[in-house]
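Undergrad: Adding 31 to a residue's 1-based position in the sequence shown gives its number in this note's numbering.
All C-beta atoms, glycine included, are put in the ideal place defined by N, C-alpha and C.
Keep in mind that this is a model prediction, so the values were computed, not measured.
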Amino acid sequence: MSSEYELSDTYSDLDSRRSEFVGDESQPDPAAAFVFKFHSVDEELGPDQRWSTWLEVERGSRGPEPRPSWVVTEQAAIDTELGVLKTGKEADVFLLERAVEAIGDNPAKSSLLAAKRYRTEEHRSFHRSTSYVEGRRTRNSRDNRAMAKKTSHGRSVAAGQWAYAEWDALNRLWKAGVPVPYPVQVDGTELLMEFIDDGEGGAAPRLAQVRPSKELLGVYFEQLRNGMRELARAGLAHGDLSPYNVLAQAERIVMIDLPQVVDIVGNPKGMDFLLRDCHNMATWFTNRGLEIDEQELFADLLTMVF
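Written out as structure tokens, the structure is:
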């Protein structure tokens, strides 16, 4: 058995061998492993800023996984409003930057978002047809009564329903591979989604605003038809599809404005909405020089439904 003296000699030898390897006879300072570096954070926000609301909403109100790498989820992120993208009859769309500064080893990160904010009923200049919402009900009976009586609470609930309807549609369609903006989060009447840019910092133009070559026209139509097929496979029609609700981002198209998405079978007018979508898009492509038969397109989509 080793004596206490022999053990002591062993430790002394290890210390000397350590100094040979590192070339330093000084002893390590255990306190060095517990040095904390603090970074001050400026909590003063500008008039067009707010702290990110990402962690304030429940998990079911955040975008589907796997999330794109550009989505900023840090709690220290700040939302900065950069201006109005579009003023509509039921909602306004704002450009928002969500960004977080570099903190320690974590690099800075930012992304541009489209913030769609639905108006309450008294501030709208347009009311969607009830044909779109046949069969839709809120589970809360108090909310149902409030909407029926058109109280201020009821009007807020109704506006929120449109936001959540679009949120739900974007989630379903994104997962199904339909070309739609990635839904980042929903909070009350505000829906945050991917900003579709033009590659130069501006917003992508609507399909109605572009004059593509015949080759690119064909590329656009194949994407559109595939997107409509995936919608139909899910039993849905856009319900308001037109060249004004499709964005052209270089060689990619993106469908937008989906709060009125229609159940083709469940809605009594579902087939009519689908046929109207086909008519609107076939007419635009035909007028641009690409002959599209709306009835053939309609029949093709029906094979996805049944």
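Can you tell me the Cα-Cα spacing of Met224 and Gln326, whole angstroms?
TA: Taking the straight line joining both Cα atoms gives about 33 Å.
Undergrad: Kindly indicate which residue of Thr317, Gly232, Asp303 has the alpha-carbon position closest to the one of Gln280.
TA: The option with the nearest alpha carbon to Gln280 is Gly232.
Undergrad: Based on DSSP bridge pairs, tell me the residues matched to Tyr149.
TA: For Tyr149, which the question treats as bridged, DSSP gives the partners Ala122.
Undergrad: The alpha helix (DSSP H) with Val250 in it runs from where to where?
TA: From DSSP, the alpha helix (DSSP H) with Val250 extends over 245–264.
Undergrad: Spell out a yes or no on whether the segment 190–207 and the segment 243–253 are touching, meaning 3 or more CB-CB pairs, one atom from each, closer than 8 Å.
TA: The segment 190–207, when compared against the segment 243–253, does not touch it at the 8 Å Cβ threshold.
Undergrad: If distances are taken between C-alpha atoms only, which option among Asp228, Phe337, Tyr275 comes closest to Arg260?
TA: Closest by alpha carbon: Phe337.
Undergrad: May I ask you to report which of helix, strand or coil DSSP gives His184?
TA: With a pLDDT of 38 at His184, under the threshold of 50, the modelled position of this residue cannot be trusted; read the value that follows with caution. Of the three classes helix, strand and coil, the one that applies to His184 here is helix, per DSSP.
Undergrad: Rounded to the nearest angstrom, what separates Gly349 and Gly135 at their Cα positions?
TA: Any answer about residue 349 is impossible in this case: the structure gives the chain only from 32 up to 337.
Undergrad: How would you call Pro290, buried or exposed, if buried means at least 16 neighbouring beta carbons within 10 angstroms?
TA: Answer is buried; the Cβ neighbour count reaches 16.
Undergrad: Can you list the beta strand (DSSP E) stretches of 3 or more residues lying completely in the segment 269–305, in chain order?
TA: Listed in chain order, the complete beta strand (DSSP E) runs (minimum 3 residues) inside the segment 269–305 are 277–280, 283–286.
Undergrad: Within the segment 305–330, note down every full alpha helix (DSSP H) run reaching 4 residues or more, in order along the chain.
TA: Here no run is fully enclosed.
Undergrad: Just the C-alpha distance for Pro243 and Glu322, rounded to the nearest angstrom, thanks.
TA: For Pro243 and Glu322, the distance between alpha carbons rounds to 15 Å.
Undergrad: Spatial neighbours of Tyr275 within its chain, please: CB distance less than 6 Å, with the 5 preceding and 5 following residues excluded, ordered by chain position.
TA: Arg237, Ala239, listed in sequence order.
Undergrad: Mapping DSSP to helix, strand and coil, what is Val115?
TA: Of the three classes helix, strand and coil, the one that applies to Val115 here is strand, per DSSP.
Undergrad: Assuming the contact rule is C-beta atoms closer than 8 Å, Ser83 and Ala122 should be a hit. Round their C-beta distance to whole Å, please.
TA: The pair is not a contact, with the Cβ atoms about 21 Å apart (cut-off 8 Å).
Undergrad: Consult DSSP for Val53 and reduce its assignment to one of helix, strand or coil.
TA: Legend: pLDDT at Val53 = 48, less than 50; position of this residue unreliable, value from coordinates given subsequently. Note: Val53 maps to helix in three-state DSSP.
Undergrad: Beta-carbon separation of Gly270 and Val292 under 8 Å?
TA: Yes, Cβ-Cβ distance for Gly270 and Val292 is below 8 Å.
Undergrad: Just confirm the distance between the C-beta atoms of Met312 and Ala263, as a whole number of angstroms; I'd bet it's less than 8 Å.
TA: About 13 Å; that fails the 8 Å criterion.
Undergrad: Can you tell me which of the three DSSP states Leu76 falls into?
TA: Leu76 falls in the coil class under three-state DSSP.
Undergrad: Tell me which residues share the same chain as Ala145 and place their Cβ nearer than 8 Å to its Cβ, disregarding the 5 neighbours each side in the sequence.
TA: The answer, listed in chain order, is Leu116, Val124, Phe125, Leu126, Leu127, Pro212, Leu223, Met224, Glu225, Phe226, Ile227.
Undergrad: I'd like the span of the beta strand (DSSP E) that includes Glu221, first residue to last.
TA: Taken as a continuous stretch (DSSP letters only), the beta strand (DSSP E) holding Glu221 covers 221–225.
Undergrad: Beta carbon of Val88, beta carbon of Ser142: below 8 Å?
TA: Not closer than 8 Å, so no.
Undergrad: What is the C-beta distance between Ile305 and Ala265, in whole angstroms, given that I count them as a contact (C-beta under 8 Å)?
TA: Rather than Ile, the amino acid found at residue 305 in this sequence is Leu. At roughly 12 Å, the Cβ-Cβ gap does not stay under 8 Å, so Leu305 and Ala265 are not in contact.
Undergrad: With 16 as the cutoff for other CB atoms within 10 Å, does Ala133 come out buried or exposed?
TA: Ala133 is exposed by the Cβ-count criterion.
Undergrad: What do you get for Leu328, buried or exposed, if any count of 16 or more other CB atoms within 10 angstroms of its CB means buried?
TA: Buried.
Undergrad: Just the C-alpha distance for Ala177 and Asp288, rounded to the nearest angstrom, thanks.
TA: Here the model assigns Ala177 a pLDDT of 38, short of 50, so the residue's position is not dependable, and the following value carries that caveat. When rounded, the distance between both Cα atoms is 26 Å.
Undergrad: Given this structure, state the Cα-to-Cα distance separating Pro97 from Gln106, to the nearest angstrom.
TA: In a straight line, the C-alpha of Pro97 is about 19 Å away from that of Gln106.
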